[in-house]
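Visitor: Structure provided below as structure tokens; questions to follow.
Numbering (the numbering used here), first residue to last: 1 to 456.
In structure tokens:
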């Protein structure tokens, strides 16, 4: 008899495509020692009952109770880990002022490893409690504190993709917070990559080093070129900000006489393992370059409402074949919850389609065919994120990791309004996506291990 480390029985929701959510009612999920979903069995399968009889009395068999459902773990494609310490503050000032007055001073404090440990442990705990099983992190310029974040992810069981941030241009960065020079920035990045790769060997769910130029305005040409070379040498993930706001988009055009996407590509920073945050101002040529290189967009809808001067045309970019996932952008986005960001993604897309200037006639007010549905927002938070990172995560199906949230719709303090015992499961899915709060997330599993359990 095959040995499985865990067996789960219950109803799950998983994306089959950007617009279609599959309902897996009363399915069995068999998890192997590597934390992968080895077998998925539907109730109508010929072996279902005999498998149930074989396993249901075993200690490693988990059956959901009435009102509980499985969702894939969420994948957050853009988290500024040190900014958790300032989350929810200073969102009403322009991006440039926000960075220089609030963000860079707080990030500079992460030279203190005791402070870094306190913030990073709290952040990883918070994200897990919100159902985020994989996070793509910007850390700070500090090599040691960045490695500490990877170690905390490894220890707490979250799949962390962590970048030591590069900011080497003395003209563009404050004296108190930047890399000492280009050579130091590149040497520290290479040492960081090697240290995280060594840590990954003993981390079941995986931790990954990420080449991370903060954005073009922070970096010299030499740093951008060197980082592209390091990404190629070690086959790492890459992240940066791309065409986020009028200011940043305009800065790159002034400096390189081309858009962000093409400038980043020139330095070898676009590819199948690259995620570019925001990307609000991509034009069709930029989008085609992203699709051609496999570069993904990390869509941060709450943050974009504050700092991006625009609503990103997600539906249009999807139609161009661009991979897209969802990001919280803590702390440009105040909420660590991808449920909140999925809701905002839908709302922002509706505002783009309908328009916002009431002085214009309805037919001139918006951008047609811009809306996305909650099904599509769920896809961005799960399967879209997995595809963006080129990892087997984000779906509850065979040969994917068992990264799962158990959602309890009946918990007394946050009961969902489900009053019909035969309520349509599509409607229940929508209620989950719109109404779940952290207290509804009773358990979180990553790579077959339980990493969070809500205290009763």
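C-beta: ideal position from N, C-alpha, C; glycine also. Small disclaimer: the values here were computed from a predicted structure and weren't measured.
One question on the structure: do residue 405 and residue 131 come within less than 8 Å of each other, judged by their Cβ atoms?
Guide: Reading the chain shown from its first residue, position 405 is the one you call residue 405. Reading the chain shown from its first residue, position 131 is the one you call residue 131. Yes. Within cutoff.
Visitor: Once the 5 residues before and after residue 395 are set aside, which same chain residues still bring their CB inside 8 Å of it?
Guide: For the purposes of this step, residue 395 is identified with residue 395 of the chain shown, where counting begins at 1. Take residue 395, set aside five residues on each side of it, and the residues of its chain with a beta-carbon closer than 8 Å to its own are 14, 15, 72, 382, 383, 386, in chain order.
Visitor: Give the range of the alpha helix (DSSP H) segment to which residue 472 is assigned.
Guide: No statement about residue 472 is possible, as the shown extent of the chain runs from 1 to 456 and does not include it.
Visitor: Is it right to say residue 218 is buried, meaning 16 or more other beta carbons lie within 10 angstroms of its own, or is it exposed?
Guide: Locating residue 218 in the chain shown gives position 218, counting from the first residue. With 16 or more other Cβ atoms within 10 Å, it is buried.
Visitor: Do the segment 355-366 and the segment 318-328 touch if we need at least three Cβ pairs shorter than 8 Å?
Guide: no
Visitor: Using only the alpha-carbon positions, how far apart do residue 454 and residue 311 sit?
Guide: Working through the chain shown from its first residue, we reach residue 454 at position 454. Working through the chain shown from its first residue, we reach residue 311 at position 311. Just so you know, the alpha carbons of residue 454 and residue 311 end up roughly 35 Å apart.
Visitor: Hey, out of 333, 101, 181, whose CA is closest to residue 169's CA?
Guide: Position 169 of the chain shown, counting from 1, holds the residue named residue 169. The residue with the shortest Cα to Cα distance from residue 169 is 181.
Visitor: For residue 390, I'd like the list of residues in its chain whose CB is within less than 6 Å of its CB, leaving aside the five on either flank, ordered along the chain.
Guide: The residue given as residue 390 occupies position 390 in the chain shown. Excluding positions up to five away in sequence, the list reads 272, 273.
Visitor: Return the first residue and the last residue of the beta strand (DSSP E) that residue 351 is part of.
Guide: Against the chain shown, residue 351 aligns to sequence position 351. No beta strand (DSSP E) contains residue 351, which is instead part of the alpha helix (DSSP H) from 338-354.
Visitor: Just to confirm, are residue 137 and residue 79 a CB contact at a threshold of 8 Å?
Guide: Taking the chain shown and counting its residues from 1, the one referred to as residue 137 is at position 137. Taking the chain shown and counting its residues from 1, the one referred to as residue 79 is at position 79. Taking 8 Å as the Cβ cut-off, residue 137 and residue 79 qualify as a contacting pair.
Visitor: Compute the Euclidean distance between the alpha carbons of residue 19 and residue 378, then round it to the nearest angstrom.
Guide: For this step, residue 19 is matched to residue 19 along the chain shown. For this step, residue 378 is matched to residue 378 along the chain shown. If you take the alpha carbons of residue 19 and residue 378, they lie about 9 Å apart.
Visitor: What number of angstroms, rounded off, separates the C-alpha of residue 416 from the C-alpha of residue 291?
Guide: Start at 1 with the first residue of the chain shown, and residue 416 comes out as number 416. Start at 1 with the first residue of the chain shown, and residue 291 comes out as number 291. In a straight line, the C-alpha of residue 416 is about 39 Å away from that of residue 291.
Visitor: Would residue 372 and residue 349 qualify as a contact pair, given that the criterion is a beta-carbon distance under 8 Å?
Guide: Stepping through the chain shown from its first residue, residue 372 is reached at position 372. Stepping through the chain shown from its first residue, residue 349 is reached at position 349. Contact: yes.
Visitor: Looking only at DSSP bridge pairs, what is residue 449 linked to?
Guide: Along the chain shown, one-based indexing puts residue 449 at 449. Its beta-bridge partners are 446.
Visitor: Can you give me the Cβ contacts of residue 331 inside the same chain, cut-off strictly under 6 Å, excluding the 5 residues immediately before and after it?
Guide: Residue mapping note: residue 331 aligns to position 331 of the chain shown, counting from 1. These residues qualify, in order along the chain: 83, 86, 87.
Visitor: Hey, would you say residue 139 sits closer than 8 Å to residue 244, going by beta carbons?
Guide: If you number the chain shown from 1, residue 139 lands on position 139. If you number the chain shown from 1, residue 244 lands on position 244. The Cβ atoms of residue 139 and residue 244 lie no closer than 8 Å to each other.
Visitor: Return the Cβ separation of residue 439 and residue 414 in integer angstroms, given the expectation that the two are a contact with Cβ distance under 8 Å.
Guide: Position 439 of the chain shown, counted from the first residue, corresponds to residue 439. Position 414 of the chain shown, counted from the first residue, corresponds to residue 414. Yes, residue 439 and residue 414 are in contact; Cβ-Cβ is about 5 Å, under 8 Å.
Visitor: Start and end of the beta strand (DSSP E) containing residue 239?
Guide: Locating residue 239 in the chain shown gives position 239, where the first residue counts as 1. For residue 239, the enclosing beta strand (DSSP E) begins and ends at 237-242.
Visitor: Over what stretch of residues does the beta strand (DSSP E) that includes residue 26 continue unbroken?
Guide: For the purposes of this step, residue 26 is identified with residue 26 of the chain shown, where counting begins at 1. From DSSP, the beta strand (DSSP E) with residue 26 extends over 21-31.
Visitor: Please report the residue range of the beta strand (DSSP E) in which residue 15 lies.
Guide: For the purposes of this step, residue 15 is taken as residue 15 along the chain shown, with counting starting at 1. Residues 6-15.
Visitor: When the distance is taken between beta carbons, is residue 107 closer than 8 Å to residue 152?
Guide: Working through the chain shown from its first residue, we reach residue 152 at position 152. Working through the chain shown from its first residue, we reach residue 107 at position 107. No, these two residues do not count as a Cβ contact at 8 Å.
Visitor: In the segment 226-305, which residue ranges form an unbroken alpha helix (DSSP H) of at least 4 residues, counting only runs that do not cross its ends?
Guide: 246-256, 260-266, 284-293
Visitor: Is the CB-CB distance between residue 241 and residue 277 below 8 Å?
Guide: Along the chain shown, read from residue 1 onward, the residue named residue 241 stands at position 241. Along the chain shown, read from residue 1 onward, the residue named residue 277 stands at position 277. Yes, Cβ-Cβ distance for residue 241 and residue 277 is below 8 Å.
Visitor: Check each candidate in 213, 231, 222, 154 and name the one with the smallest Cα separation from residue 203.
Guide: By one-based count along the chain shown, residue 203 stands at place 203. When each option's Cα is compared against that of residue 203, the closest is 154.
Visitor: Hey, how far is the Cα of residue 357 from the Cα of residue 93?
Guide: On the chain shown, position 357 is the one that residue 357 refers to. On the chain shown, position 93 is the one that residue 93 refers to. Rounded to whole angstroms, residue 357 to residue 93 spans 23 Å at the Cα level.
Visitor: Is it buried or exposed, residue 457, if we count other Cβ atoms within 10 angstroms and call 16 or more buried?
Guide: Nothing can be reported for residue 457, as the shown portion of the chain is limited to 1 through 456.
Visitor: At the level of alpha carbons, what is the spacing between residue 435 and residue 294?
Guide: The count along the chain shown starts at 1 and reaches residue 435 at position 435. The count along the chain shown starts at 1 and reaches residue 294 at position 294. Near 33 Å, if we compare the C-alpha coordinates of residue 294 and residue 435.
Visitor: How long is the line joining the alpha carbons of residue 450 and residue 174, rounded to whole angstroms?
Guide: One-based indexing of the chain shown puts residue 450 at position 450. One-based indexing of the chain shown puts residue 174 at position 174. Approximately 42 Å, taken between the alpha carbons.
Visitor: Would you identify the three-state DSSP class for residue 134, choosing helix, strand or coil?
Guide: Here residue 134 refers to the residue found at position 134 of the chain shown. Reduced to three states, the DSSP call for residue 134 is strand.
Visitor: Would you tell me roughly how many angstroms separate the C-alpha atoms of residue 164 and residue 200, rounded to the nearest one?
Guide: Along the chain shown, read from residue 1 onward, the residue named residue 164 stands at position 164. Along the chain shown, read from residue 1 onward, the residue named residue 200 stands at position 200. Near 16 Å, if we compare the C-alpha coordinates of residue 200 and residue 164.
Visitor: In the structure shown, what three-state DSSP assignment does residue 326 receive?
Guide: By one-based count along the chain shown, residue 326 stands at place 326. Note: residue 326 maps to strand in three-state DSSP.
Visitor: Nearest-angstrom Cα distance between residue 208 and residue 283?
Guide: In the chain shown, residue 208 corresponds to position 208, counting from 1. In the chain shown, residue 283 corresponds to position 283, counting from 1. Taking the straight line joining both Cα atoms gives about 31 Å.
Visitor: Bridge partners for residue 71 per DSSP, in chain order?
Guide: As a first step, residue 71 must be located in the chain shown, where it is residue number 71. Beta-bridge pairing links residue 71 to 405.
Visitor: Report the residue from 197, 171, 225, 205 whose alpha carbon sits nearest the alpha carbon of residue 183.
Guide: Residue mapping note: residue 183 aligns to position 183 of the chain shown, counting from 1. Cα-wise, what sits closest to residue 183 is 225.
Visitor: In chain order, which alpha helix (DSSP H) runs of at least 4 residues are fully inside the segment 48-131?
Guide: 48-55, 95-98, 104-108, 113-129
Visitor: If you draw a straight line from the alpha carbon of residue 411 to that of residue 33, how long is it in whole angstroms?
Guide: Here residue 411 refers to the residue found at position 411 of the chain shown. Here residue 33 refers to the residue found at position 33 of the chain shown. Rounded to whole angstroms, the separation of the alpha carbons of residue 33 and residue 411 is 31 Å.
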